[in-house]
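Sequential numbering of the sequence shown, starting at 1, is according to the UniProt record's numbering.
Before any comments, here is the structure.
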Amino acid sequence: MTDWTKKLNTPTFTRLRRLRRSPALRELFTEVEFSLDDLVLPIFVDEGTTDFTPIKSMPGVSRIPENKLEREIEKYARAGIKSVMTFGISHHKDHAGSDTWRPDGLVARMASRIKKSVPDMIVMSDTCFCEYTTHGHCGVVHNGDVENDATLLNLGKQAVAAAQAGADVIAPSAAMDGQVAAIRAALDANGLTGTPVFSYSTKFASALYGPFREAAESALLGDRKAYQMNPMNRREAVRESLADEAEGADALMVKPAGAYLDIIREIRDATRLPLGAYQVSGEYAMIKFAAAAGAIDEARVVRETIGAIKRAGADMIFTYFAMDLALQGI
Ligand code: PBG
Ligand code: ZN
């Protein structure tokens with residue numbers, strides 16, 4: 001038998017393994033890293049309870065009773081969390097979600113309570129209606145349709161109420177056309193010219209939101225396919241984000257994250273705005289349940305998935321793992 005390895009031009013071989021030979025080398029040549037500074041922790045605040053309520057489909061996540069919000073936020077701050085996204089569990093639902101724009105409504109109270117307890121905590125106010133409407137849709141429903149333009153007015157009112165209560169960032173997730181322009185106009189008209197809009201600009205109608213619907217006690221029957229995006233559409237996904245940029249968004253977002261890394265990359269290459277990505281409830285649940293079954297190493301999978309989202313082009317990541325990561329010391 002001929003020794004075929006002699007024919008290989010070994011001196012000029014590309015040997016990628018050279019840079020992987022020790023932990024220190026591997027660290028030195030790491031291309032992408034993430035830190036707590038890049039993470040936003042989404043939280044659920046229940047105005048109607050006094051106890052933490054575990055969310056069965058999201059092991060490790062509980063609804064926070066409103067009267068314990070301050071203490072909980074202080075705990076997050078001590079662990080190193082710098083930013084939260086607020087979701088309210090409303091017991092004052094109506095057809096339009098009017099509690100969201102009351103100066104003493106749950107959206108406003110979450111912002112003011114958090115800012116009072118930890119002034120440096122960044123409060124991103126999820127700006128939508130589905131947790132506050134009796135039908136569970138993200139806006140005004142008329143003849144079975146979610147009315148885009150009527151919803152825009154209400155989004156503006158909610159954004160103003162949240163910002164006046166202290167929210168640092170307005171994050172519209174209603175997936176209405178024109179939502180950024182409407183919110184920008186409402187904020188500016190109320191002297192809130194310094195409040196940024198972080199739009200959920202490319203938001204897919206994803207089955208991965210399943211656990212969130214339990215977490216938020218959404219009343220939704222049916223789906224959101226008439227306003228959220230078709231997961232199969234890449235060109236349209238870029239148009240969605242660029243439309244929000246043109247309306248004056250300060251930052252853009254792709255949601256969900258892990259199954260949409262191609263979209264994150266494509267939008268990253270199409271804009272100079274900051275870009276976030278949301279590792280949603282179903283992504284969280286898949287990792288938690290697989291780890292509980294002994295199938296995967298949770299800590300490693302969490303780092304790998306979040307690292308991959310960053311590598312794809314996201315500057316910041318919204319993730320329910322943020323507190324776990326903070327406690328593990330990243
Ligand atoms: C509501 C909203 C949803 C999520 C964030 N904001 C649910 C939905 O659109 O149905 C999903 C978050 C998650 O699944 O973690 N507009
Ligand atoms: Zn909604």
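Don't be surprised by glycine CBs; every beta carbon is placed ideally from N, CA and C.
Note that the structure is a prediction, hence the values are computed from the model and not measured.
**Item:** Proximity to Thr-271 [Cα-Cα], best of Phe-129, Ala-251, Phe-198
**Value:** Counting from one through the sequence shown, the residue named residue 271 turns up at place 271. Looking at the Cα atoms, Ala-251 is the closest of the given residues.
**Request:** State the DSSP-derived secondary structure class of Ala-277, mapped to helix, strand or coil.
**Result:** Stepping through the sequence shown from its first residue, residue 277 is reached at position 277. Looking at Ala-277 - three-state DSSP - the assignment turns out to be strand.
**Message:** Given 6 Å as the limit, tell me if Tyr-227 has its C-beta closer than that to any heavy atom belonging to ligand 1.
**Reply:** By one-based count along the sequence shown, residue 227 stands at place 227. Outside the cutoff, so no.
**Message:** Quick check on the burial criterion: 16 or more other C-beta atoms within 10 angstroms. Buried or exposed for Gln-179?
**Reply:** The sequence position of residue 179 within the sequence shown is 179, counting from 1. By the 10 Å Cβ count, Gln-179 comes out buried.
**Item:** Boundaries of the alpha helix (DSSP H) in which Asp-262 is found, first to last residue
**Value:** On the sequence shown, residue 262 is found 262 positions in, with the first residue counted as 1. Its alpha helix (DSSP H) spans residues 261-270.
**Message:** If you measure between the beta carbons of Thr-134 and Gln-158, is that distance less than 7 Å?
**Reply:** Position 134 of the sequence shown holds residue 134. Position 158 of the sequence shown holds residue 158. Not closer than 7 Å, so no.
**Request:** Please name the residue, chosen from Met-124, Gln-328, Ile-64, Arg-303, that lies closest to Lys-82 on a Cα-to-Cα basis.
**Result:** Taking the first residue of the sequence shown as position 1, residue 82 is located at position 82. Of Met-124, Gln-328, Ile-64, Arg-303, the residue nearest in Cα terms is Met-124.
**Request:** Identify the continuous beta strand (DSSP E) that holds Lys-255 and give its terminal residues.
**Result:** Locating residue 255 in the sequence shown gives position 255, counting from the first residue. From DSSP, the beta strand (DSSP E) with Lys-255 extends over 252-255.
**Prompt:** Can you list every residue whose CB sits closer than 5 Å to some heavy atom of ligand 2, going in chain order?
**Reply:** Cys-128, Cys-130, Cys-138
**Asked** Residues in its own chain within less than 8 Å of Val-61 by CB, not counting five upstream and five downstream?
**Response** Here residue 61 refers to the residue found at position 61 of the sequence shown. Taken in chain order, the residues that qualify are Phe-44, Pro-54, Ile-55, Ala-215, Tyr-284, Tyr-320.
**Message:** Judging by CA-CA distance, which residue of Asn-143, Ser-281, Ala-167 is the nearest neighbour of Phe-318?
**Reply:** Here residue 318 is taken as the residue at index 318 of the sequence shown, counted from 1. That would be Ser-281, whose Cα lies nearest to the Cα of Phe-318.
**Message:** Between which two residues does the beta strand (DSSP E) holding Ala-171 run?
**Reply:** Translated into positions along the sequence shown, residue 171 becomes position 171. Ala-171 -> beta strand (DSSP E) spans 169-172.
**Prompt:** With a cut-off of 8 Å, do at least 3 Cβ pairs link the region 292-299 to the region 260-276?
**Reply:** no
**Message:** Extract the residue ranges of the alpha helix (DSSP H) inside the region 106-170, only unbroken runs of 4 or more that lie entirely within it.
**Reply:** 106-117, 148-164
**Asked** Cα-Cα, which of Ile-287, Ala-312, Ala-322 is closest to Ser-57?
**Response** The count along the sequence shown starts at 1 and reaches residue 57 at position 57. Per the Cα distances, Ile-287.
**Message:** If you reduce the DSSP assignment to three classes, tell me which class Arg-213 lands in.
**Reply:** Indexing the sequence shown from 1 puts residue 213 at position 213. Here Arg-213 sits in helix by DSSP.
**Request:** Please check the pair Val-197 and Ile-170, which I expect to be a contact at CB under 8 Å, by giving their CB distance rounded to whole angstroms.
**Result:** The sequence position of residue 197 within the sequence shown is 197, counting from 1. The sequence position of residue 170 within the sequence shown is 170, counting from 1. Right, their Cβ atoms sit about 5 Å apart.
**Item:** C-alpha distance - His-92 paired with Arg-102, whole-angstrom precision
**Value:** Taking the sequence shown and counting its residues from 1, one reaches residue 92 at position 92. Taking the sequence shown and counting its residues from 1, one reaches residue 102 at position 102. When rounded, the distance between both Cα atoms is 11 Å.
**Message:** In whole angstroms, give me the CA-to-CA distance for Leu-16 and Gly-105.
**Reply:** The count along the sequence shown starts at 1 and reaches residue 16 at position 16. The count along the sequence shown starts at 1 and reaches residue 105 at position 105. Approximately 58 Å between the Cα atoms of the pair.
**Item:** Best match in Arg-18, His-95, Phe-29, Gly-80 for proximity to Ser-35 [C-alpha to C-alpha]
**Value:** Numbered from its first residue, the sequence shown carries residue 35 at position 35. When only C-alpha atoms are compared, the closest one is Gly-80.
**Message:** Ignoring anything shorter than 3 residues, give me the beta strand (DSSP E) runs that lie fully in the region 46-92, in order along the chain.
**Reply:** 62-65, 83-89
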